[in-house]
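Chemist: One structure, pasted below without further comment.
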Amino acid sequence: MEKQRFDGLGLSPEILKAVAQLGFEEATPIQSAAIPVLLAGGDLVGQSQTGSGKTAAFSIPAIEKIDPSSKAVQVLILCPTRELAEQVADEVHQLTAFKRSIHSVPIYGGASYDRQLFELKKGVQIVIGTPGRIIDHLERGTLKLDQLKVAILDEADRMLDMGFRDDIQKILDATPDERQTVFFSATLSGPIKQLISRYSRNAQTVAIERKDVAAPAIDQWFYEIPPRGKTQSLIRLVDFHGFRLGIIFCNTQRMVDELADALLAQGFSADRLHGGITQAQRTRVMNKFKNSEFEFLVATDVAARGIDVDDLEVVINYDLPHDPEDYVHRIGRTGRAGRKGMAATFVSGRDIYKIQYLEKFTHSRIRRGNIPTPSEVEGKRSEQMLEKVRALLTSGNYPDQMQFTDRLMEEGFQATEVCSALFSLLLGQGGADQPSSPQSLNLPMQLEPHEGFAKPKGGKKIPFPTGAPSNAPRPGFKPGFKPQFEKGNTSKFAKGFKKDRGPRY
300 MEKQRFDGLG LSPEILKAVA QLGFEEATPI QSAAIPVLLA GGDLVGQSQT GSGKTAAFSI
360 PAIEKIDPSS KAVQVLILCP TRELAEQVAD EVHQLTAFKR SIHSVPIYGG ASYDRQLFEL
420 KKGVQIVIGT PGRIIDHLER GTLKLDQLKV AILDEADRML DMGFRDDIQK ILDATPDERQ
480 TVFFSATLSG PIKQLISRYS RNAQTVAIER KDVAAPAIDQ WFYEIPPRGK TQSLIRLVDF
540 HGFRLGIIFC NTQRMVDELA DALLAQGFSA DRLHGGITQA QRTRVMNKFK NSEFEFLVAT
600 DVAARGIDVD DLEVVINYDL PHDPEDYVHR IGRTGRAGRK GMAATFVSGR DIYKIQYLEK
660 FTHSRIRRGN IPTPSEVEGK RSEQMLEKVR ALLTSGNYPD QMQFTDRLME EGFQATEVCS
720 ALFSLLLGQG GADQPSSPQS LNLPMQLEPH EGFAKPKGGK KIPFPTGAPS NAPRPGFKPG
780 FKPQFEKGNT SKFAKGFKKD RGPRY
């Protein structure tokens, strides 16, 4: 399917203005294929992967069908998770920016009923929600679907996997028979086909092959690692590449908590997200992560869908997912909108054989990688330091501190000795009890090693332990050290993460 321009799809001026404000001119393949069918009033089954623009593909024509003079619910969008419902609601809000009389409300579990009741009573034309909370409002009589025009099931396969089949049927049974029904699903299993057959009329299938999705921008790697060496390998990988914003996926809540605690103890700025924490906490964590207020989000697959974070550098599968679909959705969090991204997967034992299956499933290559050695990490860090200093010297954008150099040279030190001592301090190899603060050097980046690390004696490298448990502190890490974060101020690790963490091995 060839892509088309939005202004050639027969959309209203208000929608075209909203799309232009979002910076888009050309529709994606799924949008080009689905929008004309939906505008014509036909039922549709859409197959496309995450990051393909499917939300706009079903939202735009649904918005166009709304009668602004009526305050009745005319469009219902069902989503499997709160996070995805929030993402869809946000995009719908942006697309209706210039249709002032059209209002929408997200409805999902864990949120206050009061606000939802207030919005529903005031009158909304679009409801985006999860099946459980939609059922609650239907049973309370606070939500009526008797005038519904369009019913959309987003991630239908996931909703069935989560056990929402009965709820979906109950919701669709409460809608008019003449409604337009739209299914979007990555796979078309038997139960999905049964739903389609029962609740749609001559639905047209629009399938976008995986090759049309912008997956080549993602570099996929796998690393064969013993289970007890995962945490140390993760730290080396992050330090070598200098990642500053990423998601680390684990399969269990317990592993998420253990890994998040281990990363915090090692000086990383990290937080966690899984089904065991309250909805209010999940919302706070997601808002902070979207604002880049910490470096790494450690999460279960509850976060695999519905996260849209710009400039996400890396997705790390700390645990290999059980379902290949989950792998696709996990790595789809990075490399979005044409940006470069990297996906790294840790495998142990027989899991190595699953990589070949994932390659066939995703029609892409997952290359074998080797975890950097401590000397490689140190060498990379030294090169990065040298480049920063070289760039600073080239720009000339630094204050004159010659008085310090002159004083030291008057005391008999050579210029090369002074430079060598400064580099030693910046790389965390100084011999003094308290290394000088980079602020006193007027460098643009903070480059001091983290508090809590013992300094190597004589400038020798500390060997990386082999066979150490995953939660064991690295040599040189002072036992009992807990990072102290200033209350209410995590921003010192955010907005570019200018603080260099120093050596971690």
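Following the numbering used here, the numbering of the sequence shown begins with 300 at its first residue and continues without gaps.
Every residue, glycine too, gets a C-beta built ideally from N, C-alpha and C.
What do you reckon, are the CB atoms on Phe-593 and Ser-568 nearer than 7 Å?
Modeler: The answer is yes: Cβ separation under 7 Å.
Chemist: So, helix, strand or coil for Asn-616, using DSSP?
Modeler: Asn-616: strand per DSSP, three-state reduction.
Chemist: Quick check on the DSSP output: the beta strand (DSSP E) that includes Tyr-522 runs from which residue to which?
Modeler: Tyr-522 -> beta strand (DSSP E) spans 517 to 523.
Chemist: From Asp-556 to Val-597, what distance separates their C-alpha atoms?
Modeler: Computed Cα separation, rounded: 8 Å.
Chemist: At a cut-off of 6 Å, would you count Leu-394 as near the ligand SAH, judging by its Cβ distance to the nearest heavy atom?
Modeler: Absent from the structure shown: the ligand SAH. Ligands present: none.
Chemist: Do Ala-485 and Ile-495 come within 7 Å of each other at the CB atom, strictly closer than that value?
Modeler: Cβ atoms of Ile-495 and Ala-485: not closer than 7 Å.
Chemist: Which whole-angstrom value describes the C-beta separation of Val-812 and Val-423, a residue pair presumed to lie in contact below a C-beta threshold of 8 Å?
Modeler: Residue 812 is absent from the structure shown; the chain starts at 300 and stops at 804.
Chemist: If you check the beta carbons only, do Tyr-407 and Thr-429 fall under 7 Å apart?
Modeler: In this structure, Thr-429 lies closer than 7 Å to Tyr-407 by Cβ.
Chemist: Does Ala-317 pass the burial test, meaning 16 or more other C-beta atoms within 10 Å, or should it be called exposed?
Modeler: By the 10 Å Cβ count, Ala-317 comes out buried.
Chemist: Straight-line CA distance for Ile-427 to Ile-524?
Modeler: Looking at the two C-alpha atoms, the distance is approximately 42 Å.
Chemist: Please list, in chain order, all residues of the same chain as Glu-325 whose beta carbon is under 8 Å from its beta carbon, the five residues on each side excluded.
Modeler: Excluding residues within five positions, the ones whose Cβ falls inside 8 Å are Lys-302, Gln-303, Arg-304, Phe-305.
Chemist: Please classify Pro-367: does DSSP put it in a helix, a strand, or coil?
Modeler: It is coil, neither helix nor strand.
Chemist: Beta carbon of Val-372, beta carbon of Phe-482: below 7 Å?
Modeler: For Val-372 and Phe-482, no; Cβs fall outside 7 Å.
Chemist: Helix, strand or coil for Arg-632? Go by DSSP, reduced to three states.
Modeler: Note: Arg-632 maps to coil in three-state DSSP.
Chemist: Bridge partners for Glu-477 per DSSP, in chain order?
Modeler: DSSP lists no partner for Glu-477.
Chemist: Work out the CA separation of Asp-570 and Arg-543 for me, nearest whole Å.
Modeler: Cα to Cα, Arg-543 sits roughly 14 Å from Asp-570.
Chemist: Just grab the DSSP bridge partners of Thr-704 for me.
Modeler: None, per the DSSP bridge assignment.
Chemist: With a Cβ-Cβ cutoff of 7 Å, do Ile-362 and Leu-337 count as a contact?
Modeler: Contact: no.
Chemist: In whole angstroms, what is the alpha-carbon distance linking Asn-669 and Met-585?
Modeler: Whole-angstrom Cα-Cα distance: 32 Å.
Chemist: Report the rounded CA-to-CA distance for Gln-468 versus Ser-369, giving the unit in angstroms.
Modeler: Near 26 Å, if we compare the C-alpha coordinates of Ser-369 and Gln-468.
Chemist: Between Lys-396 and Glu-382, what straight-line distance do the alpha-carbon atoms span, to the nearest angstrom?
Modeler: Here the sequence assigns Ala to residue 396, which means Lys is not the residue at that position. Distance between the alpha carbons of Ala-396 and Glu-382: 21 Å.
Chemist: Which residues in the same chain have their Cβ closer than 8 Å to the Cβ of Thr-551, if we skip the five residues on either side of it in sequence?
Modeler: Closer than 8 Å at the Cβ level, and outside the excluded window around Thr-551, lie Thr-599, Asp-618.
Chemist: Buried or exposed: Ile-329, going by 16 or more other Cβ atoms within 10 Å of its Cβ?
Modeler: Buried, since its Cβ has 16 or more Cβ neighbours within 10 Å.
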